[in-house]
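Numbering-wise (the working numbering), the sequence shown opens with residue 644 and increments by one.
Backbone N, C-alpha and C fix where the C-beta goes; we use that ideal spot for every residue, glycine too.
Some notes on the structure that comes next.
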Amino acid sequence: MKKISVPLLTVLFAYSGNLTYAQPLLRTEAPPQHQNKKQKTPKNGTPRKIEKSKVNIERGTYHGWKNTVRLSNGETELIFVPQIGRIMRYATIGAPNLLWNNPALLGKTLDLAKPGTDWMNFGGDKLWPAPQSKWGWPPDPVMDAGTQEVKIKDGKTLLVKGKISPKHAVQFTREITMDAKGSTVTLVNTLTNVGKMEETWSCWEVAQMDDPDRMKTVLWKGGKNPKGYYDFPDAAPDEGLIKSEGGFLILERSKTKSAKIGSDSPEGMLISEKGKRQFLMKMKVEAGKSYPDENSPLEIYTNPDPAAYVELEMLSPLNKLKPGESVTFTVTWKIETLEKQPLPGDTPKKEGEKP
């Protein structure tokens with residue numbers, strides 16, 4: 644995929660003064676205690692048990708964007724920015740954002756009347772149609788970063804509706820649901836052909852992650868690619884940055900060149916690791932169906948410095964869609980804490996040696 648780098652280094656955004664949510668939009672029970680307050684410990688040293696909250700949905704301001712929508716359950720939060728049509732924050736409350744945000748474009752929007760010729764890469768997570776060969780570059784501004792309508796469904800789900808792309812005659816909708824406990828988020832992604840002719844499309848989710856240490860997918864050599872992955876033309880990873888380990892295909896980001904691989908692993912899982920946190924992205928890979936990019940439902944793109952991000956990408960099967968027909972696929976997200984394990988380049992400790 645063609646990319647345009649931005650001139651500023653990435654930064655981490657924690658739940659801070661740049662994020663304000665004063666007006667609850669909807670909650671299913673009384674709000675949890677302020678997330679930044681420390682839990683009090685009784686004199687006996689045993690922390691009090693905290694009741695897990697249900698999902699709160701609030702309107703607020705995020706890095707200059709007003710009227711954004713925040714889902715939270717007392718443990719995890721997700722922020723959707725309607726003005727640019729994407730998820731811009733997903734994290735454990737109080738922890739750094741797992742999604743990359745372009746610091747040069749915080750609080751900005753795209754002027755659809757005068758979009759210019761360069762791609763405004765805001766970061767975050769969004770939907771595109773695939774294959775990219777049908778639309779080239781840059782993406783249609785309306786499809787990529789147009790304003791999206793947000794409604795609340797069943798008190799716990801964001802129902803997001805994008806504008807119709809006049810260039811491609813497609814429209815995206817999403818249902819974004821957070822579990823009442825834990826970190827699991829379910830995204831039901833739909834692409835609809837709103838044109839007058841039959842078209843073949845795949846629905847493509849692109850999540851830009853903030854400079855992970857490494858990325859993983861389950862190694863699978865039983866499909867179309869005997870080495871376990873597909874190198875995109877002119878985008879093969881440098882030797883030494885990709886390897887197999889413990890049943891996984893592991894990729895690291897180059898600071899000097901972009902790279903992209905595809906996988907048809909039936910496990911349908913992509914992972915990014917950063918520090919002690921692991922982001923898991925999962926989908927169902929449908930056996931016997933055709934996918935874009937040499938049959939790659941799973942893709943990883945790495946961007947060079949100074950825009951230090953990685954894309955975890957998932958694609959639905961290719962579908963012939965008559966006017967009014969849709970293709971839908973579901974992706975789930977989860978945050979896990981990594982157990983201590985060696986990363987590439989780590990020196991194993993000798994028996995009895997202190998860490």
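Cα-Cα separation, residue 926 to residue 973: Rounded to the nearest whole angstrom, the CA to CA distance from residue 926 to residue 973 is 6 Å.
Of all the options 718, 717, 725, which has the alpha carbon lying nearest to the alpha carbon of residue 705? Comparing Cα positions, the closest option is 725.
Helix, strand or coil for residue 912 per DSSP? In this structure, residue 912 counts as strand in the three-state DSSP scheme.
Nearest neighbour of residue 728, chosen from 708, 720, 735 [CA to CA]: Residue 708 is the option with its Cα nearest to residue 728.
Ordered list of beta strand (DSSP E) runs contained in the stretch 809-863, each at least 3 residues: Within the stretch 809-863, the beta strand (DSSP E) runs of at least 3 residues that lie entirely inside it are, in chain order, 813-821, 828-836, 842-853, 857-861.
Residue ranges of each beta strand (DSSP E) within the stretch 773-813, 3 or longer: If we require 3 residues or more, the beta strand (DSSP E) runs fully inside the stretch 773-813 come out as 792-796, 800-804.
Segment contact, 8 Å Cβ cut-off, at least three pairs: the stretch 928-941 with the stretch 907-917: Three or more pairs of CB atoms, one per stretch, sit closer than 8 Å, so the stretch 928-941 contacts the stretch 907-917.
Name the residue from 795, 802, 755, 774 whose alpha carbon lies nearest to the alpha carbon of residue 783. If we check each option's Cα against that of residue 783, 755 comes out closest.
Cβ pair count under 8 Å reaching 3, the stretch 888-895 against the stretch 821-837: Result no; under three Cβ-Cβ pairs closer than 8 Å.
Rounded to whole angstroms, how far is the Cβ of residue 941 from the Cβ of residue 979, which I believe are closer than 8 Å? Residue 941 to residue 979, Cβ: 19 Å. No contact.
So, residue 949 versus residue 897, is the Cβ gap smaller than 8 Å? Their beta carbons are not under 8 Å apart, which means residue 949 does not touch residue 897 by this criterion.
Can residue 773 and residue 958 be called in contact, C-beta distance under 8 Å? Yes, Cβ-Cβ distance for residue 773 and residue 958 is below 8 Å.
Quick one: what's got a C-beta closer than 6 Å to residue 866's C-beta in the same chain, skipping five residues either side? So the list reads 907, once near-sequence residues are dropped.
In this structure, does DSSP put residue 885 in helix, strand or coil? The answer is strand: DSSP assigns residue 885 an E or B state.
Please report how far the alpha carbon of residue 815 lies from the alpha carbon of residue 804, in whole angstroms. Roughly 6 Å between the two C-alpha positions.
Quickly, what does DSSP pair residue 763 with across the bridge? List them, please. Paired residues: none, contrary to the question.
Within the chosen definition, does the stretch 785-798 reach the stretch 845-856 through at least 3 CB pairs nearer than 8 Å? These segments do not touch.
Going by C-alpha to C-alpha distance, which of 965, 771, 799, 779 sits closest to residue 786? Considering only alpha carbons, the answer is 771.
On the DSSP bridge assignment, give the partners of residue 921 in chain order. Note: residue 921 sits in a beta bridge opposite 916, 979.
Opening and closing residue of the alpha helix (DSSP H) in which residue 938 lies: The continuous alpha helix (DSSP H) containing residue 938 extends over residues 935-938.
Could you tell me which residues DSSP pairs with residue 926 in its beta bridges? DSSP lists 974 as partners of residue 926.
Residue interval of the beta strand (DSSP E) (run including residue 896): Note, residue 896: premise wrong, no beta strand (DSSP E); not H, not E.
Residue 685 versus residue 826 - alpha carbon distance: Unreliable positioning characterises residue 685 in this predicted model, as indicated by a pLDDT of 39, which lies under 50. A coordinate reading is not provided.
With which residues is residue 873 paired in a DSSP beta bridge? Beta-bridge partners of residue 873 (DSSP): 905.
Determine the closest residue to residue 781 out of 802, 758, 766, with distance taken between C-alpha atoms. The shortest Cα separation from residue 781 among 802, 758, 766 belongs to 758.
Between residue 982 and residue 913, what straight-line distance do the alpha-carbon atoms span, to the nearest angstrom? Between the alpha carbons of residue 982 and residue 913 lies a distance of about 18 Å.
Residue 680, DSSP secondary structure in three states: Low confidence applies to residue 680: its pLDDT is 39, below 50, so where it sits in the model is not reliable, and the reading given next is rough at best. In this structure, residue 680 counts as coil in the three-state DSSP scheme.
Separation of residue 824 from residue 736, as counted between CA atoms: Cα-Cα distance, rounded: 13 Å.
Evaluate residue 869 with the Cβ neighbour count: other Cβ atoms within 10 Å of its Cβ, from every protein chain shown; 16 or more gives buried, anything less gives exposed. Around the C-beta of residue 869, fewer than 16 other C-beta atoms lie within 10 Å, and the residue is accordingly described as exposed.
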